[in-house]
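Below is one structure; the comments refer to it alone.
Numbering (this note's numbering), first residue to last: 2 to 172.
Here is the structure:
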């Protein structure tokens, strides 16, 4: 479902976050670093930990876009030195960005990032969230709310399936 209201967006993010978070909590210590998930770069395998880093990375990018744009600075999407057609390389950057953080602390960080995103969504009007072109720095085809959804709720939902499959195969 594509969110069209602030309530829809908050509900989608919250529900899909809660579901995937429960799956991440089920992963035992001996499976956290098992490279058995399809990676974000063609032909690669990643760990559950990498998947968690990926979701945190996108959440932090959403927050960064808003902060930089609100400060009147130039927003580079998706990220400096990355293009929309090489997101697999950006995913690899996310794995490295959080490499020195324990799995337990990554879970806490994930919860914090989602909390900040929900706070941001709550602070914005429906027009700010959903009117295409409202923010000049945002991707020109969608409203900022859609960009938030594409980088939070949607991957939470799709990656939950990957984690569930992994758990079924390894427990």
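The C-beta atom is built at its ideal place from N, Cα and C for all residues, glycine as well.
Counterpart residues of residue i in DSSP-defined beta bridges
i, result
"residue 83", "80"
"residue 39", "46"
Cβ-Cβ separation, residue j to residue i (assumed contact under 8 angstroms), whole Å
i, j, result
"residue 49", "residue 167", "7 angstroms"
"residue 56", "residue 157", "7 angstroms"
"residue 111", "residue 129", "Between residue 129 and residue 111 the Cβ distance is about 25 angstroms, and since that is not below 8 angstroms, they are no contact."
"residue 33", "residue 104", "5 angstroms"
"residue 10", "residue 122", "6 angstroms"
"residue 118", "residue 58", "The pair is not a contact, with the Cβ atoms about 13 angstroms apart (cut-off 8 angstroms)."
Proximity below 8 angstroms, CB of residue i to CB of residue j
i, j, result
"residue 21", "residue 152", "no"
"residue 12", "residue 54", "no"
"residue 96", "residue 37", "no"
"residue 127", "residue 6", "yes"
Sequence-distant residues of its chain with Cβ nearer than 6 angstroms to residue i (five each side left out)
i, result
"residue 138", "70 and 76"
Within the stretch 114 to 154, note down every full alpha helix (DSSP H) run reaching 4 residues or more, in order along the chain. Complete alpha helix (DSSP H) runs here, min 4: 127 to 131 and 145 to 152.
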